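Inspection log for the structure reproduced underneath, given as structure tokens.
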Amino acid sequence: MKKIITLVLLILFYSVNAQFRSRDVLDRYTDFDDQQFSWGYYLGINYFDMKIHPSNQGLADSKRFLIDVDTKPGFTVGLIGKMKVHDLVDFRLEPSMHFVQRDLLFKNVQKIIDDEIANGIEPTLTEKDVKRNVKSTYLDIPIFINLHGDRWNNTRPYIQTGVSWLVNLQANEKKEQDNADQTFRMKTHNFSYQLEAGIEIYFKRFKMTPSVKGIFFFNNELVADNEGTPPYWAGALKSINSRAFVFSVKFE
């Protein structure tokens with residue numbers, strides 16, 4: 001993760017530095033800002049985590065969480081639609097796909113296995129029951145209000161905020177199988193608020209924008225296990241809420 005952040009910062013530094021080598025910099029791509037409507041696309045690296053609220057089954061005697069999340073970098077690709085409403089204000093529609101992989105580690109299950117072995121009992125659970133591989137593909141449809149400053153040497157900072165509807169195409173919400181069959185289920189339809197900041201860099205024929213965005217889910221994504229399934233997995237959780245950072249480069 002540190003390498004990813006360092007790479008994004010280096011790209012931003014060298015791009016901006018190139019703009020400041022001359023005091024008499026000619027404005028580039030000047031007609032772009034006058035367009036009422038425009039489009040573009042972006043590529044990014046995402047880092048999705050989960051905010052976990054455990055039930056009593058997911059807590060140790062010391063109130064320490066027995067469930068961890070192992071997060072892995074993912075990939076994001078999206079489109080940009082812009083509508084100018086003011087010299088310093090735009091509305092933006094930026095639909096995207098986030099390809100995400102996370103592992104949930106149930107140390108409460110590992111504790112049951114260890115206790116049974118210590119007592120000379122054949123374990124009723126296996127190592128496969130300790131980890132759940134949670135793959136998600138989110139179709140993200142956000143609407144933003146974008147506030148930006150004036151140009152300075154072919155660069156322009158901005159911030160934007162908005163809300164989004166996210167459809168998890170790998171949620172498994174409607175599946176009959178649950179954690180007893182090693183299937184972790186999540187909600188298909190989700191909602192979030194998002195906050196983004198970046199610097200627009202103008203070149204002769206296009207605009208490039210390095211940016212960082214935070215995504216914070218409103219709703220509980222957890223789907224309960226079926227009746228009769230031991231409370232080791234979904235039963236050990238009250239709620240889960242995804243949250244993410246996306247480092248992207250936009251081209252318009």
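Numbering (full-length UniProt numbering), first residue to last: 1 to 252. Ideal placement from N, C-alpha and C gives every residue a C-beta, glycine not left out. Just so you know, these numbers come straight off a predicted model, no measurement behind them.
Cα-Cα separation, Y49 to T124: Per the sequence presented here, residue 49 reads as Asp, with Tyr not at that position. D49 and T124 have their C-alpha atoms spaced approximately 30 Å apart.
In the DSSP assignment, find the alpha helix (DSSP H) that holds V109 and state where it starts and stops. Membership of V109 in the alpha helix (DSSP H) is indicated by the continuous run K107 to A118.
DSSP three-state call for K128: helix, strand or coil? helix
Spell out the partners DSSP gives Q194 in its beta bridges. G162 and I215
Short check: CB of D140 to CB of H86, under 8 Å? In terms of Cβ geometry, D140 and H86 do not form a close pair [threshold 8 Å].
Find the nearest neighbour of G228 within the set G162, A180, T76 and P142, judged by alpha-carbon distance. A180
Could you compute how far the alpha carbon of I112 sits from the alpha carbon of E176? 26 Å
With 16 as the cutoff for other CB atoms within 10 Å, does P244 come out buried or exposed? In the sequence as presented, Pro is not what sits at residue 244; that position holds Ala. Flag for A244 reads buried.
Out of D225, D27 and F216, which one is the CA nearest neighbour of F191? F216
One or two residues paired with W152 in a DSSP bridge: W152 has T155 as its beta-bridge partners, per DSSP.
Count the other CB atoms within 10 Å of the CB of I117; is the residue buried (16 or more) or exposed (fewer)? exposed
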